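Visitor: Quick one: this structure, given as structure tokens, is what I'll be asking you about.
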Amino acid sequence: MVEELLSTLACENSALLQTDDEAIPSFDAFECPLTKQVMKDPVVLESEHTYERHAIEEWFRTCREQHKEPTCPVSGRVLSTTELHSNLVLRKTIEEWYQRNVASRMQSVVDRLTAVELMQDVDGALDEILRLFNENPMNKWKIKSANLIPKIAKIWSLEGAAYFRSKALEVLDRMAVDDADNQHIIVKEGFLRFSVRSLGSKEDEEKANAARLLYHLSTSSLEVCEVLGTEKGAVIHLAGLLASKDQDLSQLAEKTLRNLEQVESNVLEMAEAGRIQPLLARLCEGPQETRIKMASYLAKRHLVKSQVKLVAQSATRSLIAMLPGTLEAKEASLGVFLMLSSLADNKSLLIEAGILPPLLDIMFSIHSSVNNRALKLKECAAEVVSKLVSSRGSWENASIDAEGTPLHSEFVVHNLLGLMAHARPDWKHTLLQILTGMASSPDAGEEACEHIRSGHGVRICAVLLSETSVDSHRLHALRLLAVIAPRLGPDIVREFHGTEMAARLQALLRSTNTEERAAAAFVLGAIPMTEKEVSQHLDPELLEWTLTTLAGLKDSKRGRSHTRLLSETIEGLLGILLHFLRSNALSPPSTLRQHDVMTLLVNELDRQGEFVIKHRAAMGIKCLSNMAASLCRKPELPPTTCFCFRSRPGKLSCSIHPGVCDPADSVCMVEARAIVPVLELLEEEDQGVQLAAMEALSTLLADSSNLRGAVEELGRVEGLQKILELFYGLQKGELQDRTAWVVERIVRVDDLAKSLSVDTKLFKALVEAFKFGSATTKALAQDALTNLKQLSGVSAGVRRKK
């Protein structure tokens with residue numbers, strides 16, 4: 010009976026295969042009664058009914074689990090055996106039907122993709138292809154033989170193609186998997202470009218399908234990887250997908266980029282897109298030619314801060330190893346180091362890795378006469394060094410050779426100065442910058458300045474100041490002079506003799522270049538000058554110009570952010586003013602009164618954080634206060650009148666000076682209301698400022714005959730307590746010496762000494778000063794304790810009276 014059924018099916022199937030229908034329907038006999046699906050492995054039971062093998066096996070398993078006898082699902086007959094017999098004839102018939110059906114469906118797909126009457130037809134055709142892929146892996150070869158890829162390419166750019174684009178990419182991806190021929194055709198038909206564009210799609214599915222296709226294409230060959238890497242936007246889009254929230258998409262992009270990394274040109278494209286790790290890997294591990302190429306590329310690119318740090322951390326030692334190599338290797342490596350050394354965070358790393366010895370070897374050993382390239386190498390090496398020493402760091406403790414020679418050694422400094430004679434203009438700037446950086450260091454500056462002095466650095470700067478044809482030479486020479494002036498001031502002054510250096514500096518005060526003006530003022534203000542030297546080298550008209558300029562800058566103070574140049578200018582001008590104020594002969598009273606110098610200096614005390622300005626302003630106030638006694642007018646009162654202790658009608662006399670100090674043009678601290686601002690300086694953190702304030706306050710107590718008036722004036726503004734509070738915490742030093750002198754003068758006033766005798770903090774501070782202070786402070790402390798009746802003996806004040 011079974012044989013008759015199969016024979017009938019075979020005949021009907023043969024007739025059916027002659028039809029041209031799009032899809033050939035299946036017979037009921039092809040379907041499993043259990044699954045209702047066309048069978049792939051039909052088997053016959055004892056009951057002569059046919060089932061899908063896995064379905065009937067599952068049926069029998071269920072019967073066993075339920076402790077039932079096996080039965081035929083269709084007839085319900087109890088089976089004496091569960092033996093299964095393959096129905097080979099039916100299986101072959103089904104396969105023939107399926108293959109004919111696949112061929113018919115494929116023809117329908119081809120027709121719809123060729124005609125393209127409706128977008129829905131194209132979409133349906135693509136759906137059919139995907140179904141064929143899913144039904145049977147072997148269908149892939151039939152799909153391949155249908156040559157569908159060019160047809161999909163033709164309809165890609167049609168109007169409305171966006172409707173099926175994502176599905177088309179999925180189809181192409183299925184075709185590309187493990188099929189080199191299809192991959193080649195896909196690339197040839199331009200789908201690389203289409204896929205790259207889809208990476209930027211707003212549709213997530215289209216983007217994901219494009220990424221999958223590109224990944225599978227990138228596994229095919231290096232040629233395809235090279236073409237894909239050159240496709241506009243490919244690397245950028247893929248790099249952008251690395252940050253996708255879709256982890257699968259991000260991993261696809263990562264794997265694709267890793268495949269592309271096999272091609273050197275792609276590595277450079279990735280670096281352009283911000284992915285520099287592949288480039289760094291080649292720079293560190295590649296052959297010399299590749300390393301030079303990668304370094305040359307990096308040297309020409311602008312990297313963000315995080316990338317610059319990554320390059321330094323990953324490739325510094327490899328780049329240093331290139332410095333002793335060929336000219337090309339040196340050029341490429343130095344180009345990268347110019348970039349790396351610009352970032353402060355990298356400087357210590359570069360120095361600790363050992364960059365200094367090869368840099369100095371290039372600067373000092375390569376003969377620049379060889380060619381311009383060699384000279385350029387020396388200049389680049391010098392520029393890197395200048396960047397490394399531009400800020401405080403590990404360079405001060407770094408060695409340049411096996412003997413432990415420091416960078417700021419005499420050998421290096423003298424060689425730098427020696428190179429100045431034959432250096433090109435740009436290189437001179439760099440050499441001056443290196444010297445400026447060394448001299449600026451708090452740790453190495455003193456030693457560097459000494460080597461600059463012994464190497465005639467001041468004279469070299471003087472020569473550069475006279476080179477009017479190269480403005481930048483002057484500026485960098487001025488910057489170096491400004492740094493070394495506090496330490497090499499006497500050497501600079503000596504250079505004034507027999508040269509035009511002093512005149513040149515004064516002329517630069519009127520330069521149109523703001524930096525030149527600031528640096529020239531800073532140099533002139535920082536160097537120590539005697540009264541004779543001021544008279545010899547400074548133009549008398551400079552005093553009035555300085556005062557006028559300072560007055561013009563007064564609006565730039567309080568509450569505003571100060572630039573470095575403004576601060577340097579004011580510091581320098583105050584220093585120049587001090588040169589004149591330290592000599593009465595060089596400071597005409599008429600000029601001082603005309604410009605209200607005391608008020609000008611008091612205003613400068615209010616600059617936040619500007620310790621040098623405050624120090625110099627306070628020292629200027631001291632100089633003016635010292636002049637006050639000689640400039641005050643004598644009061645028109647009977648000669649027997651006592652000005653110190655009696656009240657005076659209309660306050661005709663100053664409480665400090667033996668005469669009348671005019672408030673309108675006075676240099677008196679009392680009339681100028683300078684005492685309180687100066688007292689406030691005692692609360693500054695900088696001891697130099699505190700010392701200058703004490704120097705200024707000391708002028709109030711200089712006249713022993715009028716100590717009471719001065720002390721009363723200080724008490725009136727609550728200055729006595731501030732002075733004592735400062736004294737309580739001082740250690741041995743110049744500030745303690747000066748403060749002890751003031752305290753000793755204060756306690757000479759009997760009334761005040763009596764009230765202070767019970768001040769235990771003052772007693773303790775005086776005892777400490779007496780035990781551990783300098784010789785001067787010990788004597789002053791002893792006198793003060795005697796005045797306070799804490800020691801027996803005669804104080805210095807009493808001895809002087811006698």
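Residue numbers for the sequence shown follow the numbering used here, so the first one is 10 and each next one is one higher. All residues carry an ideal CB built from backbone N, CA and C; glycine is no exception. Owing to the predicted nature of the structure, the values given are computational and were not obtained by experimental measurement.
Can you tell me whether K197 is buried or exposed, with buried defined as 16 or more other CB within 10 angstroms of its CB?
Guide: Under this definition K197 is an exposed residue.
Visitor: From the DSSP output, in three-state form, read off E212 for me.
Guide: Three-state DSSP puts E212 in coil, outside helix and strand.
Visitor: Using DSSP bridges, identify the partner residues of V52.
Guide: Answer is Y60 and S95, bridged to V52.
Visitor: If we count the other Cβ atoms within 10 Å of its Cβ and call it buried at 16 or more, is P686 buried or exposed?
Guide: Answer is buried; the Cβ neighbour count reaches 16.
Visitor: Using alpha carbons as the reference points, say which of N796, V345 and K356 lies closest to L761.
Guide: If we check each option's Cα against that of L761, N796 comes out closest.
Visitor: Within a Cβ cutoff of 7 Å, which residues of the same chain sit near S486, ignoring the five residues on either side of it in sequence?
Guide: Looking at the sequence itself, residue 486 is Ala, so the reference to Ser does not match. Cβ neighbours of A486 beyond the five flanking positions: L441, C470, L473 and L474.
Visitor: Rounded to whole angstroms, what is the Cα-Cα separation between V422 and G466?
Guide: Distance between the alpha carbons of V422 and G466 is about 9 Å.
Visitor: Is D792 near the ligand FAD, judged by its Cβ being under 6 Å from some heavy atom?
Guide: Looking for the ligand FAD in the displayed structure turns up nothing, as the structure carries no ligands at all.
Visitor: Pull up the distance between the alpha-carbon of K798 and that of E694, whole angstroms please.
Guide: Near 33 Å, if we compare the C-alpha coordinates of E694 and K798.
Visitor: Since S395 and T439 are thought to touch, with beta carbons under 8 Å apart, how far apart are those beta carbons, to the nearest angstrom?
Guide: Correct: roughly 5 Å between the Cβ atoms.
Visitor: To the nearest angstrom, report how far apart S154 and A170 are at their CA atoms.
Guide: Computed Cα separation, rounded: 24 Å.
Visitor: What's the gap between the Cα of A19 and the Cα of I103?
Guide: Model confidence at A19 stands at a pLDDT of 42, short of 50, so the residue's coordinates are unreliable; what they give is reported in the following sentence. Whole-angstrom Cα-Cα distance: 10 Å.
Visitor: Looking only at C-alpha atoms, which of S766, T748 and L575 sits nearest to S783?
Guide: The candidate whose alpha carbon is nearest that of S783 is T748.
Visitor: Just to confirm my understanding: we take A511, look at its own chain, exclude 5 residues before and 5 after, and list those with CB closer than 6 Å. What are they?
Guide: Excluding residues within five positions, the ones whose Cβ falls inside 6 Å are F505 and H546.
Visitor: Assuming E179 contacts N218 under a Cβ cut-off of 8 Å, what Cβ separation, rounded to an integer in Å, is found between them?
Guide: The Cβ separation is near 5 Å, so the contact holds.
Visitor: Just to confirm the assignment, what range does the alpha helix (DSSP H) spanning R468 have?
Guide: Unbroken alpha helix (DSSP H) run through R468: G466 to L474.
Visitor: Expressed to the nearest angstrom, what Euclidean distance is found between the alpha-carbon atoms of C293 and R300?
Guide: The alpha-carbon atoms of C293 and R300 are separated by roughly 7 Å.
Visitor: Would you mind working out which of L99, Y60 and E105 sits nearest V83, comparing C-alpha positions?
Guide: Ranking L99, Y60 and E105 by Cα distance to V83 puts Y60 first.
Visitor: Just mark H817 as buried or exposed, buried being the case when its beta carbon has 16 or more other beta carbons within 10 Å.
Guide: The requested residue 817 does not occur in the structure, where the chain is confined to residues 10 to 811.
Visitor: Among the candidates F69, P333, I152 and A304, whose CA atom is the shortest distance from the CA of V320?
Guide: Checking every option, the nearest Cα to that of V320 belongs to A304.
Visitor: Taking all protein chains shown into account, do 16 or more other C-beta atoms lie within 10 angstroms of the C-beta of W750, making it buried, or fewer, making it exposed?
Guide: With 16 or more other Cβ atoms within 10 Å, it is buried.
Visitor: Please tell me whether A895 and A516 are closer than 7 Å, where the distance is taken between their beta carbons.
Guide: Outside the shown range of the chain (10 to 811) lies residue 895, about which nothing can therefore be said.
Visitor: Is the CB-CB distance between A778 and T786 below 7 Å?
Guide: Contact flag set, yes.
Visitor: Would you call D792 buried or exposed, if buried means 16 or more other Cβ atoms sit within 10 Å of its Cβ?
Guide: With 16 or more Cβ atoms within 10 Å of its Cβ, D792 is classed as buried.
Visitor: Could you spell out where the alpha helix (DSSP H) holding E185 opens and where it closes?
Guide: Checking the sequence, you will find Ala at residue 185 rather than Glu. A185 -> alpha helix (DSSP H) spans R174 to A185.
Visitor: Any chance the segment 664-671 sits against the segment 710-722, with 3 or more Cβ pairs inside 8 Å?
Guide: Yes, the segment 664-671 is in contact with the segment 710-722.
Visitor: Should H624 go down as buried or exposed, given a rule of 16 or more other Cβ atoms within 10 Å for buried?
Guide: So H624 ends up on the buried side.
Visitor: What does a CB cutoff of less than 8 Å around K660 pick up in its chain, not counting 5 residues either side in sequence?
Guide: The predicted position of K660 is uncertain, since its pLDDT is 49 and thus under 50; a value taken from the coordinates is nonetheless stated next. Excluding sequence neighbours, K660 sits near nothing in its chain.
Visitor: Would you call K763 buried or exposed, if buried means 16 or more other Cβ atoms sit within 10 Å of its Cβ?
Guide: K763 comes out exposed.
Visitor: Determine the direct distance from the alpha carbon of R121 to that of V205, and round the result to whole angstroms.
Guide: If you take the alpha carbons of V205 and R121, they lie about 27 Å apart.
Visitor: Is H604 near L551, with beta carbons less than 7 Å apart?
Guide: Their beta carbons are not under 7 Å apart, which means H604 does not touch L551 by this criterion.
Visitor: What runs of the alpha helix (DSSP H), each 4 residues or longer, lie entirely inside the segment 430-454?
Guide: 434-449, all fully within the segment 430-454.
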